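Residue numbers (the numbering used here), protein chains in the order written: chain A, 7 to 389; chain B, 7 to 389; chain C, 7 to 389; chain D, 7 to 389.
Glycine residues also receive a C-beta, built at the ideal position from the N, C-alpha and C atoms.
Small disclaimer: the values here were computed from a predicted structure and weren't measured.
4 protein chains.
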Amino acid sequence: MGNSSGLLFKVTTFGESHGPALGVVIDGCPSGLPLDLEALQADLARRRPGQSALTTQRREADQVEVLSGLFEGLTTGTSLCLLIRNQDARSRDYSQVSELYRPGHGDVTYALRYGVRDYRGGGRASARETAARVAAGAVARQWLSARYGVEVVAWVDEVAGQRASLQSSSPSREEVEASAVRCPAPSDSERFEQMILEAKKAGDTLGGVVAVRASGVPGGWGSPVFDKLEADLAKACMSLPACKGFEVGSGFAGTLLKGSEHNDPMRAAERAQMSHPLTPAGAQRAEQVTNNAGGLLAGISTGAPLLCRCAFKPVSTHFLQQDTVDHTATEQSFNNRGRHDPCVLPRAVPLVEAAVLLTLADHALRTEALWGGALGRSSGEAR
Amino acid sequence: MGNSSGLLFKVTTFGESHGPALGVVIDGCPSGLPLDLEALQADLARRRPGQSALTTQRREADQVEVLSGLFEGLTTGTSLCLLIRNQDARSRDYSQVSELYRPGHGDVTYALRYGVRDYRGGGRASARETAARVAAGAVARQWLSARYGVEVVAWVDEVAGQRASLQSSSPSREEVEASAVRCPAPSDSERFEQMILEAKKAGDTLGGVVAVRASGVPGGWGSPVFDKLEADLAKACMSLPACKGFEVGSGFAGTLLKGSEHNDPMRAAERAQMSHPLTPAGAQRAEQVTNNAGGLLAGISTGAPLLCRCAFKPVSTHFLQQDTVDHTATEQSFNNRGRHDPCVLPRAVPLVEAAVLLTLADHALRTEALWGGALGRSSGEAR
Amino acid sequence: MGNSSGLLFKVTTFGESHGPALGVVIDGCPSGLPLDLEALQADLARRRPGQSALTTQRREADQVEVLSGLFEGLTTGTSLCLLIRNQDARSRDYSQVSELYRPGHGDVTYALRYGVRDYRGGGRASARETAARVAAGAVARQWLSARYGVEVVAWVDEVAGQRASLQSSSPSREEVEASAVRCPAPSDSERFEQMILEAKKAGDTLGGVVAVRASGVPGGWGSPVFDKLEADLAKACMSLPACKGFEVGSGFAGTLLKGSEHNDPMRAAERAQMSHPLTPAGAQRAEQVTNNAGGLLAGISTGAPLLCRCAFKPVSTHFLQQDTVDHTATEQSFNNRGRHDPCVLPRAVPLVEAAVLLTLADHALRTEALWGGALGRSSGEAR
Amino acid sequence: MGNSSGLLFKVTTFGESHGPALGVVIDGCPSGLPLDLEALQADLARRRPGQSALTTQRREADQVEVLSGLFEGLTTGTSLCLLIRNQDARSRDYSQVSELYRPGHGDVTYALRYGVRDYRGGGRASARETAARVAAGAVARQWLSARYGVEVVAWVDEVAGQRASLQSSSPSREEVEASAVRCPAPSDSERFEQMILEAKKAGDTLGGVVAVRASGVPGGWGSPVFDKLEADLAKACMSLPACKGFEVGSGFAGTLLKGSEHNDPMRAAERAQMSHPLTPAGAQRAEQVTNNAGGLLAGISTGAPLLCRCAFKPVSTHFLQQDTVDHTATEQSFNNRGRHDPCVLPRAVPLVEAAVLLTLADHALRTEALWGGALGRSSGEAR
C-alpha cells in the first residue's frame with residue numbers, strides 16, 4: 007500500500023536502493039504528448055548523485071528506458087513505464103546495518119511494520135526511490151507546459167536557519183542551476199556551500215528549507231473539503247524523504263498578521279482567465295493585488311502563482327558516534343560508513359518540483375473532467 | 007470530487023452552511039463498536055458556535071441524528087450516516103456577498119471552478135462543514151480508544167506569534183477545556199483571550215498555531231513513499247479551513263539543528279510493542295530517547311507520541327473596509343456584516359483532533375490488513 | 007467498505023430496510039445542471055413497492071429530500087445528498103428471523119463477516135437499499151441526457167425461461183411502462199403476469215432476465231485492461247440484489263458462432279462522431295453494420311447502442327417450508343411471513359437502468375478528463 | 007486510467023504486444039511470503055503462446071525478472087515489480103493494419119478514445135497484456151494458498167455450444183493440464199480439439215465457456231452493496247479479452263427454477279469456520295446442503311466453493327475476407343495475416359484463474375482489516 011499517488015494522473019513507483027532497478031508506471035498521462043526524452047533525462051540529471059562535493063559520490067547514470075506507453079514519439083494514453091537500472095550499489099557498506107537500527111532512519115519502523123526488510127541502502131526507504139518520482143514529474147512537466155504553460159521552479163531558500171536574500175521573487179531555473187547549492191542568490195549560495203562543506207568535514211549534516219513557485223496555473227484547480235489543492239501539495243511534499251514541514255503562501259509567518267493585513271485585496275484584470283463555462287466575468291477577471299494566499303483560496307487556485315516552502319531535517323546519516331539497539335534488543339554504539347549527502351537540500355530541489363508537478367497534473371485532469379461535463383454545448387457537438 | 011477521505015475508514019461529508027443540513031457517511035467503521043452518542047455529542051459541542059465571546063454568536067445545537075449503520079447500540083460495519091440539521095442560518099446577512107467576491111474567501115475560486123455557487127455563508131466552503139468531520143472524528147476516537155488506547159489532544163500553542171509556555175508536554179483534554187481559548191497554560195490563556203477580544207473590538211482578527219499530540223499509537227502504522235503517515239496527517243490538517251502550514255516533530259525549527267543533534271538515539275525498552283509477526287525483538291523494544299522525529303520515521307510510526315503543529319491564518323472575515331471586484335468585474339469597496347469568529351483557534355482545536363483521528367483510524371485498518379495477511383497461523387485457524 | 011461506486015461520478019449509499027432512512031451522496035455531479043425533482047421522483051416511483059399485485063404491499067412514498075449540493079435549482083458541483091425516509095417498516099415481521107438464517111439471503115454471510123447485523127427486513131442487504139441507487143441514477147440520467155443525449159431503457163426480457171418476442175429492438179420507456187411486468191411485448195406481458203401470479207398463489211417465486219439498451223453513447227468511452235466499460239457495467243449489474251449473471255452483446259449465445267459470423271463488419275457513416283482531437287476521420291466515421299459486440303470493443307464504446315442482459319434468480323423469500331440453522335447451530339424448519347415480491351423482475355428494471363446510468367456517467371467524466379487534457383488548443387485559451 | 011485493479015492487493019500492469027516488455031507492479035502483497043519463482047514461472051507457462059497446434063505459434067519464453075519487492079526470497083511488503091521482455095514480436099505482420107480498423111478488435115475504439123495508438127499486434131489491447139495479470143495472479147495464488155488454503159482451478163466447460171460432461175464437479179489442475187484443450191473430460195477434450203483444428207483449417211475461429219471453482223474460501227469475504235464479491239469477480243473476468251458473459255452459481259440457468267427449488271437449505275456442520283470475533287456459533291457452523299448460490303449470498307462468501315462461468319466470443323482474428331474502413335474512411339475488404347489462436351479457450355483458463363485469484367486476494371485483505379479492527383482483544387495486546 008501507499009506506493010501510488012494521484013487519481014487521474016496516477017503514478018506507482020517501485021524499486022529499492024540496492025535492488026536491480028527503480029521505476030514508475032504512469033497511468034493517466036494524456037495521449038498524443040510528444041515526449042522529449044532528452045529533457046526528461048536532464049530533469050533526472052539534476053537529482054542524480056555525484057554532481058558535486060555537496061552530494062554523495064555514488065555514481066549512477068540514471069538512464070531511463072521507456073518500457074511502454076510511447077509509440078512513434080507520442081504518449082499513447084495507456085500505462086507509461088519508465089525504468090532506471092541501479093549500477094553503483096555497494097551493499098557491503100550496509101553489512102553492519104543489517105543487524106541494528108540507525109537513528110533517524112526507517113530501519114526500525116520498516117521492521118515493525120513489515121517484519122522483514124531490505125536493509126541495503128535503506129531499501130525502499132532510500133532517497134534513491136525518488137528518482138522514479140522525478141522521472142514521472144518530468145513527464146508531468148512536459149504536459150503541463152505544453153497544455154497550459156505551467157512552469158514550476160524550486161530553490162534552496164534557507165540553510166540551517168540562514169535565509170537567502172533573493173533579488174527576484176520568481177527566480178528562473180537557469181538562475182537556480184547556476185549555483186551548486188541551487189540557491190539563486192549568488193552571495194548566499196557561496197556561503198551556504200561553505201556551511202555544508204564545513205559540516206561535511208566535521209562528519210555532520212545540515213537541514214534547511216526549499217521554496218517552490220508554480221506559475222501559469224489557471225484559477226479553478228483544486229477541490230473543496232478533503233482534496234484541497236494545498237492539502238494535496240502538502241501531502242506530496244511531506245511524502246518526500248526528510249521533509250518535516252510544509253507551508254503555503256504566508257504560512258507560519260502569516261499567523262503574525264491581522265486579518266486586515268493578511269487578506270489579499272482584489273482588482274479587475276484586463277484579461278479574463280479560463281474557467282468553467284458558467285463563471286461570471288467578474289470572477290474570471292478578479293486578480294489578487296498581493297499574494298499572501300500563495301495562489302490558493304479555500305482549496306482552489308486563484309490564478310496567481312502558487313508559493314510553498316518545505317522544511318527538510320538535517321540528513322540522518324552523519325558520521326559521529328550514535329547510540330541505538332540491534333535486532334536482539336542489545337544496545338549498541340556505532341558510526342555510519344559509506345557515501346552520503348551532507349545536506350539534502352540541493353538534491354531536494356528537483357524532488358519538490360516533482361511533487362508539485364505530479365499534484366498539479368492530477369488536479370488539472372480533475373478540472374478538465376468537471377469543465378468538460380458542463381452543459382452548454384449542443385449534444386454530440388465535436389469538441 | 008474531493009469530499010471523501012480515507013481508504014478503509016472512509017468518510018464522505020455533505021452540506022452547506024445555510025442549506026438544510028450537514029452530514030457525513032462513514033464507510034469502514036468496524037462492526038461491533040458500542041457507540042457512545044453522548045460522548046459524540048460532547049465532541050461536537052466543542053466545535054459548536056456560540057460557546058463564548060471568542061466565537062461567532064450563531065446558535066446551533068448541532069444535534070446528531072444517526073440515520074444508518076447502528077443497531078441495538080453497536081455499529082454494524084456498513085455505512086454509518088450522521089446528520090446535523092442547520093437551525094440558525096441567517097441568509098440575509100449574505101445578500102451583499104452574492105454579487106461580490108470577498109478577499110481571503112473561496113468566493114472567487116468556487117466561481118471559477120464551478121460557475122455557480124451557494125454564496126450563503128460561504129456555502130460548502132464554510133467552516134460549518136467541519137461539523138461533519140468532527141462527528142466522524144468522534145466515531146474514530148471511540149474506536150481508536152477502545153481498540154488501541156489511542157488518545158488525541160490538541161491545544162492552542164501560539165496566538166499571533168506569542169507562544170504558550172506549557173508546564174507539561176502532554177496536556178490533558180481537561181486542562182485544555184479549562185481555558186476559553188483552549189490553551190492549557192493558564193497565564194498565557196488569559197493573555198491570549200485579551201488579545202483576541204481586542205482584535206474583535208477593532209473589527210479585526212488574529213491567527214496562530216494549534217499543536218496536537220497522539221499517544222498510544224503503536225509502531226508500524228503508516229506506509230512508505232506516497233502515503234507516509236506524516237503526509238496523510240499533513241493533508242488532513244491542511245484541508246482544514248484557514249490552515250496554511252503544517253509540521254511534524256521538530257518541523258521548521260528542526261532545520262536549525264545538525265544531524266548529530268537531531269537524530270533521536272534509541273535504547274531498549276522493557277516492554278515489547280505490538281507489531282508484525284516476523285518483527286525481531288530488537289525492533290519491538292527499540293525506544294527513542296528523545297522525540298525530534300515527532301513519532302514518525304520514514305512515514306511509519308515509531309511507537310512514540312505523534313506531535314504536529316498547524317498554522318491558521320487570521321480569520322478572513324474582518325469588519326474593516328476592503329477592496330474587491332463584483333461579478334461584473336466592477337471594483338468595489340465593502341465591509342463585512344454578520345456573525346463571525348475573531349480568531350479561529352479555539353474552535354480549530356477539535357478540528358485538528360478530528361483530522362488526526364480520521365487519519366489514524368484509516369492507517370490502523372491498513373495495518374490490520376497487512377498484519378492479518380501475514381503467514382504463520384495455520385490455515386483455517388480461528389483468529 | 008464497498009458502499010461507494012465510481013471514480014469521478016462517485017456515489018455512496020447508506021441506510022437499512024427498517025432504519026430511519028435511506029440515502030445517497032453523489033460527489034462529482036457536474037455543476038450547473040438544472041435538476042428536475044419531479045422527474046427524479048418519477049424514476050423512484052418505478053422502483054417503489056406497492057405498485058401492483060406483482061410487488062410487495064409495503065407502502066413507501068419514497069419522497070426525496072435534497073439535503074445539499076443544489077442551489078437555486080442548479081447542482082453546485084459539491085456533494086449532492088438525497089434522503090428518503092422509511093415509513094412503513096414492520097419490524098415485527100422479522101422477529102423470528104432474528105434468531106435464524108434464511109436460505110438464499112445474506113443473513114448468514116453478514117453474520118460471518120460483521121458478527122452483528124440489523125436483521126430487520128434484511129437490514130443493509132435489503133433490496134430497499136436500491137432506492138438510493140435509483141435516486142442517484144436519476145441524477146445521472148438527467149445529466150447524461152442533457153450533455154450527450156444518452157438514453158437508457160431496460161425491460162423484462164425473460165421470465166422463468168420464457169423469452170419475450172419484441173417487435174422492436176429498441177423499445178421506448180413508454181412501451182415498457184405500459185405493462186405491469188415491464189415487458190414491452192404485449193402478448194408476452196400478459197402471459198408473464200399470469201405466471202407470476204400463479205407462483206405467488208403457490209407461495210413460490212420466479213426469476214428471469216432483464217435486458218437493457220443505452221443509445222447515444224459516443225464512441226471512445228471506457229478504459230483498457232481492468233476498467234473496461236463492459237467490466238464496470240458487469241460489476242454494477244452484478245452488485246444488484248439477486249443478480250447472478252451478466253452478458254453484453256451476443257453474450258453466452260455468441261459462443262455458438264464462428265469468428266467469421268460474429269465479427270461486425272464496418273462501413274463508413276455519413277456523420278463523424280465526437281472523439282479525441284487526434285482521431286483520424288476514418289475512425290470517427292466507422293460504423294458497425296451489425297451489433298454482436300453490443301456496442302463495445304476491447305473495453306471501449308463503438309458509438310453503437312450498448313446492449314446487456316442480466317439474470318435474476320427467483321426471489322429467495324418464498325412461503326414454503328425451508329430447512330436451516332439458527333444462531334445456536336440448531337437445525338430448524340420454518341416458513342417466511344410478511345410482504346414480499348413474488349418476482350423481482352418488474353422492479354429490477356429501474357435498478358438495471360440505474361446501474362448502467364451510474365457506470366456511464368462515471369466513464370463519461372473520465373473521458374472528458376482525457377480529451378480535455380489533449381494538446382492542440384493554445385495555452386490559456388478559453389474553452 | 008484503468009490499468010490498475012484492487013484496493014489492498016493492488017496490481018498495475020503495463021506493456022504492449024510489440025513493445026520492449028510487459029510487466030506488473032503489485033502494491034499490497036503481504037510481507038514475509040516466500041515466493042516460489044519456479045511455480046510462478048510454471049503458471050506463466052500455461053498462458054504462453056506456442057504450446058500446441060491449438061495456439062498461436064509466436065514463441066515467447068515469458069521469463070520473469072523480479073525488479074523489486076523481494077529480498078532474500080521473501081516479499082518485503084513494498085512494490086513487487088515483475089518484468090517480462092518481449093522476444094518474438096513480428097511487427098511487419100501488422101503493417102497493413104496500421105491503416106485500417108479490424109472488425110471485432112479495439113483498433114477503432116482505441117483510435118476514438120486516444121487519437122493515437124500502437125497498432126502493432128493490438129498494442130495495449132493485445133491478449134499478450136494478460137501475461138502480466140497471470141504473473142500477478144501467480145503471486146496471489148501462492149499467498150492465498152499459504153495463508154488460507156485457497157485453491158483455484160479453471161477449465162474449458164463448453165466449446166461452440168457443446169458442453170463437457172465432467173465426472174467430478176471439482177477437477178484438479180492435473181486433470182485439466184492433461185488435456186491440450188484444458189477440458190478435464192477426456193472424451194470431450196478430444197472432440198473439442200478436433201473442432202478447433204477444423205475451424206483453424208477453415209481459417210475460422212471458435213468460442214466457448216470457461217468454468218472456475220475456488221475452494222477453501224472462508225465465509226465472510228466480500229462487501230455489501232457495490233463491492234459484492236460476485237460483482238468484483240464479474241468485473242475481473244469481464245475485463246479479460248474476448249469475455250462477453252459471466253455467471254455465478256446457477257447463473258442464467260437458475261432463472262428457470264422456482265424460489266423453492268433454488269434456495270440452498272442449510273444444516274449444521276461439525277466444524278466452525280473462521281469469522282468475525284462476534285459471529286454466533288450458528289453462523290460459523292451453517293453449511294449449504296446444495297450450492298446453487300455458487301458460494302455467495304448477498305455479496306459475501308458462504309464458505310462453500312465459489313463457482314463461476316465466463317463466455318468467450320470466437321477469436322476476432324480469423325482469416326476469411328472482411329469488410330471494414332480505413333483511417334481515411336474509405337471502405338476496404340481485407341484478410342488477416344500472421345500468427346493467431348483459432349480458439350482462445352485453452353489459454354483463457356489461466357486468465358480466468360488469475361482474475362479470480364486477484365479478486366480473492368484483495369477481498370481477503372479487506373476482510374483482515376475488518377476482523378483485525380474488531381474489539382475484544384485487550385488494548386496493546388500482541389497479536
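Enclosing alpha helix (DSSP H) for residue i [first to last residue]
i: B:C314; result: Per DSSP, B:C314 belongs to no alpha helix (DSSP H); it is in the beta strand (DSSP E), L312 to F318.
i: D:S195; result: P192 to K207
For residue i, the residue or residues it bridges with in DSSP
i: C:A274; result: C:A292
i: C:G228; result: C:I306
i: B:D233; result: According to DSSP, which records beta bridges pairwise, B:D233 is partnered with nothing at all.
i: C:R169; result: C:E164
i: C:E157; result: C:S221
i: D:L395; result: Chain D is shown only over 7 to 389; residue 395 of chain D falls outside these bounds and no answer can be derived.
Local conformation of residue i per DSSP, three classes
i: C:T373; result: helix
i: A:C243; result: helix
i: C:V122; result: coil
i: D:F77; result: strand
i: D:R383; result: Reliability of the predicted coordinates at D:R383 is poor, the pLDDT of 49 falling under 50, and the value obtained from them is presented with this limitation in mind. Three-state DSSP puts D:R383 in coil, outside helix and strand.
i: C:V187; result: coil
i: A:E337; result: strand
i: A:A388; result: Because the pLDDT at A:A388 is just 39, under 50, the model does not fix this residue reliably, and the point stays unresolved.
Residue i Cβ short of 7 angstroms to the ligand SAH heavy atom set
i: D:G75; result: No copy of the ligand SAH appears in this structure; indeed no ligand is present at all.
Residue i: first and last residue of the uninterrupted beta strand (DSSP E) it sits in
i: D:C249; result: C249 to V254
i: B:W149; result: First-last for B:W149: T136 to Y154, but that is the alpha helix (DSSP H), not the beta strand (DSSP E).
i: B:G29; result: A27 to D33
i: A:S74; result: V70 to S74
i: B:D329; result: Q328 to V331
i: C:K264; result: Premise fails: C:K264 is in no beta strand (DSSP E) and is neither H nor E.
i: A:R219; result: G214 to S221
i: A:L88; result: L86 to R91
With three or more C-beta pairs closer than 8 angstroms as the rule, is the region 110 to 122 of chain C touching the region 47 to 55 of chain B?
no
Members of the region 165 to 193 of chain B near chain D, C-beta cut-off 7 angstroms
If the cut-off is 7 angstroms between Cβ atoms, the region 165 to 193 of chain B has nothing near chain D.
Closer than 9 angstroms between beta carbons: that is the criterion. Which residues of the region 95 to 114 of chain B meet it against chain A?
From the region 95 to 114 of chain B, only E105, L106, Y107, R108, P109, G110, H111, G112, D113 and V114 have a Cβ closer than 9 angstroms to chain A.
Would you say the region 7 to 17 of chain D touches the region 57 to 72 of chain A, given that touching needs at least three Cβ pairs under 8 angstroms?
no
Would you check if the region 238 to 251 of chain A and the region 280 to 288 of chain B touch, i.e. whether three or more CB-CB distances between them fall below 8 angstroms?
no
Of all the residues that make up the region 222 to 254 of chain D, which are near chain E by a beta-carbon distance shorter than 8 angstroms?
Looking for chain E here will not work: the only protein chains present are A, B, C and D.
Using a Cβ cut-off of 9 angstroms, which residues of the region 291 to 314 of chain C contact any Cβ in chain D, in chain order?
R291, A292, E293, Q294, V295, N298, A299, G300, L302, L303, A304, G305, I306, S307, T308 and G309
Contact list for the region 31 to 56 of chain C against chain D, Cβ threshold 8 angstroms:
none
Quick check: the region 75 to 92 of chain D against the region 17 to 26 of chain A, are there 3 or more CB pairs under 8 angstroms?
yes
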